[in-house]
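Step one of this worksheet: look at the structure below.
Protein chains: 4
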Amino acid sequence: MRRLRMGMIGGGPGSFIGPVHRIAAELDREIELVAGAFSSDPQRSRRAGMDYRIDPARAYTDVAAMLDGERAREDGIDFVAIVTPNHHHLPAARAALAAGLPVMSDKPATATYEEALELARLVRASGLPYGLTHTYSGYPLVREARARVVAGALGKVRKVVVEYPQGWLAGAASGKQAEWRVDPARSGEGGCIGDIGTHAFQLAEFITGLKVTELFADLGVVGAGRVLDDDCSVLLRFDNGARGVLLASQIEVGELNGLRIRVYGDKGGLRWRQERPNTLAIDTIDGRTEIVHASGAGLGPDARARTRTPPGHPEGYLEAFANLYRDFAAILRGEAAPLLPGIDTGVRGMAFIATAVAASRNGSGWVKLDI
Amino acid sequence: MRRLRMGMIGGGPGSFIGPVHRIAAELDREIELVAGAFSSDPQRSRRAGMDYRIDPARAYTDVAAMLDGERAREDGIDFVAIVTPNHHHLPAARAALAAGLPVMSDKPATATYEEALELARLVRASGLPYGLTHTYSGYPLVREARARVVAGALGKVRKVVVEYPQGWLAGAASGKQAEWRVDPARSGEGGCIGDIGTHAFQLAEFITGLKVTELFADLGVVGAGRVLDDDCSVLLRFDNGARGVLLASQIEVGELNGLRIRVYGDKGGLRWRQERPNTLAIDTIDGRTEIVHASGAGLGPDARARTRTPPGHPEGYLEAFANLYRDFAAILRGEAAPLLPGIDTGVRGMAFIATAVAASRNGSGWVKLDI
Amino acid sequence: MRRLRMGMIGGGPGSFIGPVHRIAAELDREIELVAGAFSSDPQRSRRAGMDYRIDPARAYTDVAAMLDGERAREDGIDFVAIVTPNHHHLPAARAALAAGLPVMSDKPATATYEEALELARLVRASGLPYGLTHTYSGYPLVREARARVVAGALGKVRKVVVEYPQGWLAGAASGKQAEWRVDPARSGEGGCIGDIGTHAFQLAEFITGLKVTELFADLGVVGAGRVLDDDCSVLLRFDNGARGVLLASQIEVGELNGLRIRVYGDKGGLRWRQERPNTLAIDTIDGRTEIVHASGAGLGPDARARTRTPPGHPEGYLEAFANLYRDFAAILRGEAAPLLPGIDTGVRGMAFIATAVAASRNGSGWVKLDI
Amino acid sequence: MRRLRMGMIGGGPGSFIGPVHRIAAELDREIELVAGAFSSDPQRSRRAGMDYRIDPARAYTDVAAMLDGERAREDGIDFVAIVTPNHHHLPAARAALAAGLPVMSDKPATATYEEALELARLVRASGLPYGLTHTYSGYPLVREARARVVAGALGKVRKVVVEYPQGWLAGAASGKQAEWRVDPARSGEGGCIGDIGTHAFQLAEFITGLKVTELFADLGVVGAGRVLDDDCSVLLRFDNGARGVLLASQIEVGELNGLRIRVYGDKGGLRWRQERPNTLAIDTIDGRTEIVHASGAGLGPDARARTRTPPGHPEGYLEAFANLYRDFAAILRGEAAPLLPGIDTGVRGMAFIATAVAASRNGSGWVKLDI
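Chains as they are written, first to last, in the UniProt record's numbering: chain A, 1 to 371; chain B, 1 to 371; chain C, 1 to 371; chain D, 1 to 371.
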């Protein structure tokens, strides 16, 4: 079986997420990066091509050129990975789909909710695979958590607390990573709520199998001179009546990438945190606490299939990301990978951003998440 | 210097908090329990007197009898400790103050905000010392946290997250401790928000030195057949503009007594959790993390004075509680102990409960905390 | 039931362990400190009496005076607590036993193994209760660990690793606590091995119910100008053939009071550490990990009876110490408390010190622990 | 710059370490796996080639065939990676060196000390690069630990405690991974001491920059029917006089891959554990504790260059392994990578095994590590 060929859109010099997609895609050797429209600046795109060690002829300066160039080759790309700032997501995906290529996109799906609806129409019309890299749902123990909750191990879910604290924007937003995130023209109407709040939102729905139906949002703009939110508190209601709390912040000094989630049902609870991803705590109402180990005993098939080393050998962010690409490759091969986030997740995420931003701005109290 | 003599109101057989007050009061040998109106049931009060190993003649069945009996003795009590369910707090305190006795009271101060206002008038009119046992502000590293925040170590405070998860009321509320807490006649209008939410509220104001001015509340009633809240999410605004999140729940299966707080300023952050109370993490905006140890190096005078053993010898809940009695004893001796929570804290706590309950009931959005 | 009356030997101003014994003895209100031979310096003994808030007439300057003075009182002491440096343990205990008084002694039992044998003869001849405060065996979860191991939860024990790292003597040994510990005239022939190595030794035998039969010792003298060991590595064999490792050091910079133990059998393993004493990890050979909580579900009667607060309310060093006094009080009342360390434990501890010191000095390889 | 081409020796179906080498080598895209002598069984080698997705024509059944076949190609391999059981290490390396190819070898270097000496002669005679994958020295914070110790941050090193507990051989040694490890014909004379003890030994020397000069060993054979050690306790002396303790076990039920190290000097100490590799604790003699974060502030250049994501994005075992391949690739490009373990480390590791095994067998007390 040959490796699938990936063309990257975005990911030029200084990109954080471009190399992450490259490593993740290639980790299991099912996919290889062969081409890219890394930057509209020819010199920067060439430089990126060299950094990625691809054929210099396949480092393009725009998406159309890449799609044309690759279509002309026998060994042309099989799909695109979109790793640009948010405002390029829709045009890039539209072009790829039009060229008949599946899309693996960084999150959020688009820059606005309206764009997401358009993208959803395009994806459905194309019949092509579309994946959205909500990284954290690729962690083996997140898969295990979901499997257990859905199987009823916690009983009826009554409460979800999901938090995503970061501190890296507590001071000035300088540097390539920070600058576009605080710029509404490139980021969309959500700041922190879009950048990491959507991860928390997706994780909560992913693990519980529930849908948020209503929310109350308090989005703060703390950093001097900013216009987009950087500190978000959102209260949630789920479709089974459960309550939820979603906290995301980028001004909490000292917090690194502290995504964590706790889910409580009427029979049990669970706790997981991204910074120590290889254990999952399960509590039962009779007062017992069990620690589940990644790659260890008692795991379901999904978690078991998503580690590469025995217990005690830490796997982390890149491996979780690679698990999403593993799912995507399976889909491209015609297999099922129902847990890979797709366009529906993308639309829900954009609805979440839009609703939270509007609700916070209007001080309108509880608002339906209509979708 | 003789030991101060304490008379307890409440704390009969099966009480959790009565023995805690006894141990805490006596730990530093400045105070001794000598009398009590432990129960209105004579047999139960006698039984409690035996359990506490006090003179059987000093185990009374009502407050008035204790106050009269003790006034008649040369070695009569110097103050009362109130450890009853909430609805008895005001009458017990009123009687003690009327008898000229200082009061150390369990929290919350009273059953309702109106009662708290009355109690505040009585305390002020009496000129007598009044202490409120917000236990967690007695921990040495909580004192250290406050000292550092107030001294500006974090810069301007911008965000506070305080959480108090418990799980012991996830199932049926059975047993002496649970029953009165879910009964509005004995607990007041707040359930979880009064029982533990007030601790979280007090801790946040204590450490930051800020005051909450506005809140949004979502109080849930989750346990079957309950009328009082058992799951609370409250968003806060402080008087310096900082945002806050206060979560308290008693239905989060597996959570024990998980009070924890994180405070973030524009220069640093701190993290503390009650279940591992002997370390305090301090983060600075330059990316450094320091772990401060109870009884260890670099502590200010307040924290230093509130441990009894060298670093590495865990001190816990009882020692923290004892630190409040140490402060109270100092006040009785005429010394200053400005950090002991008093009636003002009590009134603020009751205002918090009343405001949160009303706000949640009315779905009234953001509400001022008027006090 | 009246409180038992304790007379303290040692524990003058600046003592760490004197106040610890006082707090521990009184915590459950079964015992009260009423007298003491705190110091041979009259002014210091008086000062200590004031600090402890006892009757000034009962602050004596020597043991004989205290024993005489107390014998003459109707409310004289019921037992003595010995909290002096090691070289006073035997004479103090001898005098107390001769006066017909039970003894609760700090560890190690004596300054030398020969003294321990003499003390054992005296204790047996007297028929009086004798307790040895190996603090750490008073922790509820240490009791639970022992109960589970003895009941076979781990299968046949095959390996024990017990460590006691401290760092407070990494620099100069200055201050009252340090000075006598590095002085063979007051400490005996063992330094670190006697001060904390014996705790580790006792803990290993206590939890496993096994006896050490052979050892190899490497005792280092690291601090400048010292003559006694301050860094100890000892390999062990137990009477069932199990291997063991015992590490104790007082020069490991940054270590506080890091006693910890791991026990492995052919069916399971357990892990406990003193600095986080309220959880116990149990691993089973099928790959499962359970966290047991102090005061929580699934505990045996011994652990259950040795906490004073619900789960999540940290109890620590003082409460563990108090559990030993609770056992001692039970014995004085004529009840059984078989797990309180006594003179046999004391003799074994001194044999351990003497054997380790000799073995290390001679480079004699593996040596029998003959006793 | 083209990618370096790797030929693998070993790593057939069921191999744990073969895929690890493949992922690690390719992670930074400087190397790609293109050929392999995966198994002497043609069907199994072909199967492995398919699993790795390489050209079927380049899945060979013996080393000679691979070396010949690749030499004949324009795009032939640039180096070999040896991932077989230990007894194949020397012949495989010998053949590769004879063919003029650099070698990256799994540890230990060979099956016996004599073989290691021979291999050292061959490597030196060839002038070719030789790397040894002591994985754990590839962790960024291990590099940081070494940099700080060597720069004197801890003062003079006085004590090292390195532990490597595992539990996976507590029961029967079944399965491909277990079987060859307990077989002296394939593993060599050391069991646990060779498999993981050498990692611990290398880590201790790597971080401290010191050399072990003497040791005392107690190697146990615990598992039923075994002939090789599975539980090892070794006491160490370093060339600066420091003491050390090295514990390695494969029968400690519940331990996963618990490698950890603590180093103490006269000015500070440090603590690191493989299962939580992204933090490093630094203690100073003035009582301060600092937590250093992988990819965070205050790191030296070596650690900084060996992470791929921002702080809070866990990197683990595979990324550490990849750091060794990054060093190896640098060497192949003619750059310096002095911290990559090489043949000298290999010889020292084999001397350690041989000395420990002999010392333990003879009960010969302290033994020089002569090399």
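Glycine residues also receive a C-beta, built at the ideal position from the N, C-alpha and C atoms.
- In its chain, beyond the 5 residues on either side, Leu-247, Arg-260 have a beta carbon closer than 6 Å to the beta carbon of Glu-163(C).
- Within chain A, no C-beta atom comes nearer than 7 Å to that of Lys-368(B); the closest sits roughly 14 Å away.
- Note that the C-beta distance between Val-34(A) and Ile-77(A) is below 8 Å.
- Glu-179(C) is outside the set of residues whose beta carbon lies under 8 Å from a beta carbon in chain B.
- When secondary structure is reduced to three states using DSSP, Leu-132(D) falls in the strand class.
- Here DSSP, grouped into helix, strand and coil, assigns Arg-273(C) to strand.
- Secondary structure at Leu-259(C): coil, using DSSP grouped into helix, strand and coil.
- Contact check for Ile-282(B) against Glu-275(B) fails: the beta carbons are separated by 8 Å or more.
- Taking the beta carbon of Arg-262(C) as reference, no residue of chain A falls within 9 Å; the closest one sits roughly 15 Å away.
- Under the three-state reduction of DSSP output, Met-8(B) falls in the strand class.
- Non-local C-beta neighbours of Val-103(A) in its own chain, meaning closer than 6 Å and more than five positions away in sequence, comprise Val-80, Ala-93, Ala-96, Tyr-130, ordered along the chain.
- For Arg-3(A), the three-state secondary structure derived from DSSP is coil.
- For the region 204 to 227 of chain D, the beta-carbon criterion of a distance under 8 Å to any beta-carbon of chain C is satisfied by Phe-216, Asp-218, Gly-220, Val-222.
- Contiguous beta strand (DSSP E) elements confined to the region 133 to 209 of chain C occur at 157 to 165, taking only those with 3 or more residues.
- Asp-283(B) belongs to the set of residues whose beta carbon lies under 8 Å from a beta carbon in chain A.
- Neighbours of Phe-38(C) across chain B, judged by C-beta separation under 8 Å, do not exist; the nearest C-beta is about 14 Å away.
- Across the region 246 to 272 of chain A, CB contacts with chain B closer than 9 Å involve Leu-247, Ser-249, Ile-251, Glu-252, Val-253, Gly-254, Glu-255, Arg-262, Tyr-264, Gly-265, Asp-266, Lys-267, Gly-268, Gly-269, Leu-270, Arg-271, in sequence order along the chain.
- Within the region 50 to 104 of chain C, the complete beta strand (DSSP E) runs of at least 3 residues fall at 79 to 82.
- Rounded to whole angstroms, the separation of the alpha carbons of Leu-169(D) and Ala-145(B) is 47 Å.
- For Val-161(B), at least one C-beta of chain A is nearer than 8 Å to its own C-beta.
- Residue pairing by DSSP puts Arg-237(B) in a beta bridge opposite Glu-214(B), Arg-243(B).
- In its chain, beyond the 5 residues on either side, Leu-4, Asp-28, Glu-30, Ile-31 have a beta carbon closer than 8 Å to the beta carbon of Ala-329(C).
- Cβ-Cβ separation between Leu-203(B) and Ser-137(B): approximately 6 Å, consistent with a contact (criterion under 8 Å).
- Identification of residues in the region 286 to 306 of chain B having a C-beta nearer than 9 Å to some C-beta of chain D yields Asp-286, Gly-287, Arg-288, Thr-289, Glu-290, Ile-291, Val-292, His-293, Gly-296, Ala-297, Gly-298, given in sequence order.
- If you draw a straight line from the Cα of Arg-348(C) to the Cα of Ile-371(C), it comes to about 7 Å.
- With a cutoff of 8 Å on beta-carbon distance, Gly-265(C) and Val-253(D) are scored as near each other.
- The alpha-carbon of Ala-72(A) is positioned some 38 Å away from that of Pro-310(D).
- Counting along the chain, the unbroken alpha helix (DSSP H) around Gly-346(C) starts and ends at 343 to 362.
- Closer than 7 Å at the C-beta level to chain D, one finds no residue of the region 44 to 70 of chain C.
- The three-state secondary structure of Asp-231(B), taken from DSSP, is strand.
- Interface residue (Cβ-Cβ distance to chain C less than 8 Å): Arg-326(D) is not classified as such.
- Annotated three-state conformation of Ala-336(B) is coil, per DSSP.
- Three or more beta-carbon pairs drawn from the region 220 to 230 of chain A and the region 184 to 199 of chain A are found closer than 8 Å, and the two stretches are therefore classed as touching.
- Shortest Cα-Cα distance from Asn-278(C) to any of Ala-359(C), Leu-90(C), Arg-121(C), Glu-315(C) involves Glu-315(C).
- In the pairwise beta carbon analysis, the region 320 to 327 of chain D is classified as not touching the region 319 to 327 of chain C: fewer than three pairs are separated by under 8 Å.
- For the region 166 to 198 of chain A, residues whose beta-carbon sits nearer than 8 Å to a beta-carbon of chain B comprise Gly-167, Ala-170, Gly-171.
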